[in-house]
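*Asks:*
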Amino acid sequence: MLGVGRTATEVELKSAYRKLALQFHPDRNPNNPDAEEKFKEVSEAYAILADSEKRSVYDRYGHAGLGSAGQGVGFDSSVFQDFNDIFGEFFGFGDLFGGGGGRRRSRVQRGADLREDLTLEFEEAFFGTETQVTVRRHEACEDCRGSGAAPGKSPTTCRSCNGRGQVRYQQGFFSIARTCPTCQGTGSVITDPCTKCKGEGRILRQRTVDAKVPAGVEDGTRIRFAGAGEVGQFGGPAGDLYVVLHVKEHPFFEREGNDLRCVVPISVAQAAMGAEIRVPTMEGEHTLKVPEGTQPGTTFRIRNKGVPVLNGHGKGDLYVQARVQIPNRLSKRQRELLQELETTAKVDNHPMLRSLLGKVKDIFG
Ligand SMILES: [Zn+2]
Ligand SMILES: [Zn+2]
-12 MLGVGRTATE VELKSAYRKL ALQFHPDRNP NNPDAEEKFK EVSEAYAILA
38 DSEKRSVYDR YGHAGLGSAG QGVGFDSSVF QDFNDIFGEF FGFGDLFGGG
88 GGRRRSRVQR GADLREDLTL EFEEAFFGTE TQVTVRRHEA CEDCRGSGAA
138 PGKSPTTCRS CNGRGQVRYQ QGFFSIARTC PTCQGTGSVI TDPCTKCKGE
188 GRILRQRTVD AKVPAGVEDG TRIRFAGAGE VGQFGGPAGD LYVVLHVKEH
238 PFFEREGNDL RCVVPISVAQ AAMGAEIRVP TMEGEHTLKV PEGTQPGTTF
288 RIRNKGVPVL NGHGKGDLYV QARVQIPNRL SKRQRELLQE LETTAKVDNH
338 PMLRSLLGKV KDIFG
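FYI, the numbering for the sequence shown is -12 to 352, going by the numbering used here.
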C-alpha cells in the first residue's frame, strides 16, 4: 500500500508515507471519498509499520496476524507526531480515528530573551570585572505568583471547549479540530483576574543585575546570563539575558586578538649602543633589552604580556616597536659630540648608499 518493500528502512517508510499522505490529504481533495478512503488506508498501513512491535507481527503473520494476536489495528496517534508539518493544527489524528484526546496547548510559555549593551574600560576587559547591568523586564507577579488569577482563585475550565483546548467541527467523515478561540487552546480561562497584574501574571520592572565579566573579553563579546531575561507567562521559565560588550580603546596599547602592540621611544645612543629600557605592560613595568645597532621600527616580542585568553589558559604577547627619537634641539656640547661621530662614522660609507649613488651615476652619466 505504501509502495515499499519488506526491507524498507524507517526513513524510507516515513518518506513513502509522507508522499502519499500529502497526495490524498482530505484538505487537498475536498469532497472526494476515494481520496479519503485511500488516506485512511495508507495512514493505517503506516501506523502499523511505524510501530516496531506491530511491524514484527505483520512481517511474520501478515495483516491477519494483527487481528488474531489480539493487537487490533488501533492507532497509536503518537507515530504521526513527526508529521505535524503536514497536518499542522488542523487535524488531530485522535479525531480522525476516533481515539485519543484533543491536544491542549499549555498556558505556560518561556519568557523572551533580552539584550543589553555594556561599555567597559580597556582594563576591565583585560582583567575581568564584576559590574551591574540595568534591565527592564517582566517578572512574576508576587500577588498571584504568576498565575494571573486573584489570590485564592485559580483559572477555571474553559466552557467553550470544556477544557480540551480545541473545538470541533463535523465535516463529512472527518471531525475537524480547531484551537479554541476563547482560551487560545489553553483549556482554561481566568475568571477572577489578579488586580495587581490584571491577569497577566507578570509585571514590568526595572532591575539591576549583577554581571560578572571574565578576563579577556573584547569589543562585541556577548555574555549570556541564563534565566535573567523575561519571566515566562503564567509561571513559565524565564528567558536569558544577553549582554553585548563594548570596550573602550586604550591610549597606549592597541589590541589584536590576544596580542597587544605599543610603540616606545628610544634615543639614538640607546639604539646604536644597545640598552635596557623600561617598557609599560598592563601588569606593570617590564625591562626590555634593546641590542646594539637597533634600527628604527624594530619590533620586539615580550611573551605572555598580552590579553588573557577568554575562558581559557595563557595570554597573548606584547609587541613593542622601537621608535628612535632624533633630537630636534642640540646643546653646543651635543653638537660637538655628534660632529665627532659624523667624522668617524660617515653615512656615505654605508654600502647601501654607495651602491645607490653608483646607480644614479649610471643613469645620469
Ligand atoms: Zn498577579
Ligand atoms: Zn477553550
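Yeah, the Cβ is synthetic: ideal placement off N, Cα and C, and Gly gets one too.
#1: Considering only their Cβ atoms, is the gap separating Val176 from Cys128 smaller than 9 Å?
#2: Report the start-end ranges of each beta strand (DSSP E) in the region 207 to 253 that is 3 residues or longer and not cut off at the edges.
#3: Kindly give me the distance between the Cβ atoms of His233 and Asp206, rounded to whole angstroms, as I take these residues to be in contact under 8 Å.
#4: Could you tell me whether any non-hydrogen atom of ligand 2 is closer than 8 Å to the CB of Ser147?
#5: Counting pairs of beta carbons, one from the region 221 to 235 and one from the region 282 to 293, are three or more of them closer than 8 Å?
#6: Check whether the Cβ of Pro15 lies closer than 8 Å to any heavy atom of ligand 2, and answer yes or no.
#7: Note the first and the last residue of the continuous beta strand (DSSP E) segment covering Val372.
#8: Are Asn298 and Gly214 close, meaning C-beta to C-beta below 9 Å?
#9: With hydrogens ignored, establish whether the beta-carbon of Thr143 is closer than 8 Å to any heavy atom of ligand 4.
#10: Does the beta carbon of Asp130 fall short of 8 Å from some heavy atom of ligand 1?
#11: Starting from Thr268, trace the beta strand (DSSP E) both ways and give me its first and last residue.
#12: Cα separation between Pro13 and Met(-12)?
#13: In chain order, what are the residue ranges of uninterrupted beta strand (DSSP E) at least 3 long that sit wholly in the region 284 to 326?
#14: Is the region 194 to 202 in contact with the region 117 to 125, if contact means three or more CB pairs nearer than 8 Å?
#15: Quick check: Arg102 and Leu275, are their CB atoms within less than 9 Å of each other?
#16: Taking the alpha-carbon positions, what's the Gly152 to Pro142 distance?
#17: With a Cβ-Cβ cutoff of 9 Å, do Val231 and Asp100 count as a contact?
#18: Would you kindly work out how many angstroms separate the C-alpha atoms of Pro338 and Leu328, rounded to a whole number?
#19: Less than 9 Å between the beta carbons of Arg310 and Val266, yes or no?
#20: CB-CB under 6 Å to Lys183, same chain, minus the five flanking residues each way: which ones, in chain order?
#21: Count the other CB atoms within 10 Å of the CB of Ile253; is the residue buried (16 or more) or exposed (fewer)?
#22: Which two residues bound the contiguous beta strand (DSSP E) that contains Lys185?
#23: Within the continuous alpha helix (DSSP H) that includes Ala32, where are the two ends?
#24: From what residue to what residue does the beta strand (DSSP E) around Val204 run?
#25: Restricting to Cα atoms, I'd like to know which of Asn19, Leu7, Leu0 and Lys302 is closest to Gln158.
#26: Looking at the unbroken alpha helix (DSSP H) that takes in Arg5, where does it start and where does it end?
#27: Taking Ala164 as part of the beta strand (DSSP E), name the residues at either end of that continuous run.
#28: Could you tell me which residues DSSP pairs with Gly271 in its beta bridges?
#29: Can you say whether Arg242 is buried or exposed, counting buried as having 16 or more other CB atoms within 10 angstroms of its CB?
#30: Out of Ser147, Phe109, Ser162 and Ile313, state which residue places its alpha-carbon closest to the alpha-carbon of Glu23.
#31: Please state whether DSSP places Gln282 in a helix, a strand or coil.
#32: For Gly135, verify whether its CB is less than 8 Å away from any heavy atom of ligand 1.
*Replies:* The short version:
#1: Contact: no.
#2: As for any beta strand (DSSP E) of minimum length 3 sitting wholly inside the region 207 to 253, the runs are 209 to 212, 228 to 234 and 241 to 243, ordered along the chain.
#3: Confirmed, about 6 Å.
#4: Under cutoff, so the answer is yes.
#5: Put simply, the region 221 to 235 does not touch the region 282 to 293. Fewer than three CB pairs are less than 8 Å apart.
#6: With the sequence shown as reference, residue 15 is identified as Arg, and Pro is not the correct amino acid for it. Flag unset: Cβ of Arg15 not near ligand 2.
#7: In the structure as shown, the chain begins at -12 and stops at 352. Residue 372 is therefore absent and cannot be evaluated.
#8: The beta carbons of Asn298 and Gly214 sit no closer together than 9 Å.
#9: Judged by which ligands are present, ligand 4 is missing from the structure shown, whose ligands are ligand 1 and ligand 2.
#10: Flag set: Cβ of Asp130 near ligand 1.
#11: Residues Ala262 to Thr268.
#12: Near 18 Å, if we compare the C-alpha coordinates of Met(-12) and Pro13.
#13: Runs of beta strand (DSSP E) with 3 or more residues, each lying fully within the region 284 to 326, are found at 286 to 289 and 305 to 312, listed in chain order.
#14: With the cut-off at 8 Å, the region 194 to 202 and the region 117 to 125 touch.
#15: In this structure, Leu275 does not lie closer than 9 Å to Arg102 by Cβ.
#16: Their backbone Cα atoms lie some 14 Å apart in a straight line.
#17: Cβ atoms of Val231 and Asp100: not closer than 9 Å.
#18: One C-alpha to the other measures close to 18 Å.
#19: Against a cut-off of 9 Å, the Cβ pair of Val266 and Arg310 comes out as no contact.
#20: In the same chain as Lys183, and ignoring 5 residues on each side of it, the C-beta atoms closer than 6 Å to its own belong to Cys128 and Asp130, in chain order.
#21: Flag for Ile253 reads buried.
#22: Boundaries cannot be given for Lys185, as no beta strand (DSSP E) includes it and DSSP labels it neither H nor E.
#23: Ala32 -> alpha helix (DSSP H) spans Pro20 to Leu36.
#24: It is not in any beta strand (DSSP E) - Val204 carries neither H nor E in the DSSP assignment.
#25: For the residues Asn19, Leu7, Leu0 and Lys302, the minimum Cα distance to Gln158 belongs to Asn19.
#26: Counting along the chain, the alpha helix (DSSP H) containing Arg5 begins and ends at Glu(-3) to Phe11.
#27: Following the DSSP letters along the chain, one finds Ala164 inside the beta strand (DSSP E) bounded by residues Phe161 to Thr166.
#28: Answer is Thr268, bridged to Gly271.
#29: Per the 10 Å Cβ criterion, buried.
#30: With distances taken between Cα atoms, Glu23 lies closest to Ser162.
#31: In the structure shown, Gln282 sits in coil (DSSP, three-state: anything other than H, G, I, E or B).
#32: For ligand 1, at least one heavy atom lies less than 8 Å from the Cβ of Gly135.
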